[in-house]
Amino acid sequence: MKFAVYGATGMVGSQIVAEALTRGHQVTAVSHSGKTVEGTTSAAADLTDISAYRKLAAENDVVVLSIPPSRTGEDHQAFIDAHEEISETLVPARLFVVGGAGATEIDGVRLVDTPGFPEAYMPEARTMGTVLDFYTSASGLDWTMLAPAPEIAPGPATGSIVLGNDSPAGERVSTGDFAVAALDEIEDPKHLHRRFTVASA
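This is the structure:
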């Protein structure tokens, strides 16, 4: 398959690129700078550039969005607006969105709304909750969102993962395990039009 991966040089996106290449897929590595990533075709594009998104979605089988909202205190409105427009843009490619743990749920309550949730992560969690709502309301778009365990950190694939639905599947996940779950789903879809979760076993 042909992939376009936004955020291809990031902590999670780079692992998804590496896993896709290992499995023999063709990858266009999309980043703000258009940085060259070995084994891929590079492209410079911002999430807010919907014309570039349409072009990439026409040229690839799958578009992966692995871009978190800003964690430096910047306003998230442009990020939110971009996802809203993407959720309303019908394209031939399947859309795979890297979600956030803070918007996952326990007994129907999002983690961000539970006691003790770290205040520093609240803006990102609320933004990703809004983004999820856009996609769950979308019509005619083939999308899937994968959310990590509450703790995600760089690390190799362990060979053992646990999947969940809207609730965290465990306490932590390595970026390698996350990438394996992402590619497994893309190659053999089982969660179309919904969000699921992954943790390292």
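Counting from 231, one number per residue, gives the positions in the sequence shown under my numbering.
For each residue, glycine too, the CB sits at the ideal point set by N, CA and C.
How long is the line joining the alpha carbons of residue i and residue j, rounded to whole angstroms?
i	j	result
ASP407	SER281	32 Å
GLY240	ILE297	8 Å
THR270	GLY254	11 Å
GLU381	MET231	30 Å
LEU413	LYS420	12 Å
ALA273	ASP337	41 Å
ALA312	GLU318	10 Å
ALA333	GLU289	31 Å
ALA275	SER261	6 Å
VAL428	GLY329	11 Å
GLY400	PRO348	18 Å
ILE416	GLU315	22 Å
ASP372	HIS423	6 Å
PRO386	SER430	10 Å
LEU277	PRO299	11 Å
ARG301	ALA350	9 Å
List the residues that DSSP assigns as beta-bridge partners of residue i.
i	result
TYR432	As shown, the chain starts at 231 and ends at 431. That puts residue 432 outside it, with no answer to give.
ALA274	SER261
THR374	PHE326, ARG424
VAL242	VAL242 pairs with nothing; no bridge assigned.
GLY394	THR427
VAL339	ILE336
VAL403	ILE382
Assuming the contact rule is C-beta atoms closer than 8 Å, residue i and residue j should be a hit. Round their C-beta distance to whole Å, please.
i	j	result
ALA234	LEU286	4 Å
ILE310	VAL361	7 Å
PHE426	ASN395	6 Å
Three-pair Cβ contact test at 8 Å for the segment 232 to 245 versus the segment 391 to 407
Between the segment 232 to 245 and the segment 391 to 407, the count of C-beta pairs closer than 8 Å reaches three or more; the two stretches touch.
Would the segment 350 to 358 count as touching the segment 298 to 306 if we require 3 or more Cβ pairs under 8 Å?
Below 8 Å, enough C-beta pairs join the segment 350 to 358 and the segment 298 to 306 to call them touching: three or more.
Does the segment 381 to 391 come into contact with the segment 341 to 348, if we say contact requires no fewer than three beta-carbon pairs (one atom in each stretch) closer than 8 Å?
With the cut-off at 8 Å, the segment 381 to 391 and the segment 341 to 348 do not touch.
Below 8 Å, how does it come out for the segment 321 to 332 and the segment 256 to 267: are there three or more Cβ pairs, yes or no?
Proximity of the segment 321 to 332 to the segment 256 to 267 falls short of the contact definition, fewer than three beta-carbon pairs being nearer than 8 Å.
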